[in-house]
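A.B. asks:
Residue numbers (full-length UniProt numbering): 1 to 224.
(1) From 224, 120, 124, pick the residue whose C-alpha is nearest to that of residue 208; which is it?
(2) For the segment 10 to 22 and the segment 124 to 138, state whether three or more C-beta atom pairs, one from each stretch, are separated by less than 8 Å.
(3) Which partner residues does residue 109 have in the DSSP bridge list?
(4) Flag this pair as yes or no: are the beta carbons of residue 104 and residue 97 separated by less than 8 Å?
(5) Decide if residue 213 is buried, meaning its Cβ has at least 16 other Cβ atoms within 10 Å, or exposed.
(6) Could you give the DSSP three-state label for residue 71: helix, strand or coil?
(7) Buried or exposed for residue 171, going by 16 or more other Cβ atoms inside 10 Å?
(8) Note down the Cα distance separating residue 160 from residue 20, rounded to an integer number of angstroms.
(9) Ordered along the chain, which non-local residues of its own chain (more than five positions away) have a Cβ less than 7 Å from that of residue 73?
(10) Can you tell me which of 145, 123, 143, 155 puts its alpha carbon nearest to the alpha carbon of residue 70?
(11) Just reading off the alpha helix (DSSP H) that residue 159 is part of, what are its end residues?
(12) Please tell me whether residue 66 and residue 162 are closer than 8 Å, where the distance is taken between their beta carbons.
(13) Which same chain residues, not among the five before or five after residue 196, have their C-beta less than 6 Å away from its C-beta?
(14) Compare the Cα-Cα distances from residue 201 to each of 210, 194, 193 and report the closest residue.
(15) For residue 91, report the span of its alpha helix (DSSP H) as first-last.
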């Protein structure tokens, strides 16, 4: 994808990298046999009024990750870093910010057995390497990898780990922002003809290249 492509397209590209598929061109005229059964409206058998919109949003966040909600829930039970805050949330108690990575207790919540900081799911330590590899798979650079991670996941020192990962990657370093341009070097004015010559070539023009010599004093040009 181009570097300036939309973040949504970048997320799609990273998500699709988990699958093996072939893209085949098909003319619009040949799309008359669409699967109508999959497009039939389904009758509502159960009211969704009892489902909280926040829960639906958080579940949709989990579905976009390379690990399942069950994976996160299982590993969270063994995660020592989050043990104290999980117990506090389950028992309705609070913890000082010094024990929860400098954040406020009200910023955390438990949904479907997973720990959330705001809308971002907390990733247990055992799954972080896998998440980092997925973020790094597209070689989208440090800034965009951080932006993508901030849309879905969180754990302490996430930003610094992304910085270390992308700094050590040659492919990621190639798409960094360009360094500031230096000022042009100004040539000293020559005092006589032929004191300084500028030589270059130009082309191709109709399959040919031209050798150019310019006298810096007189501006005389010779082309061969």
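Virtual Cβ for every residue (Gly too), placed ideally from N, Cα, C.
C.D. replies: According to the structure data:
(1) 224
(2) yes
(3) 116
(4) yes
(5) exposed
(6) helix
(7) exposed
(8) 32 Å
(9) 113, 114
(10) 123
(11) 158 to 167
(12) no
(13) 190, 216
(14) 210
(15) 83 to 91
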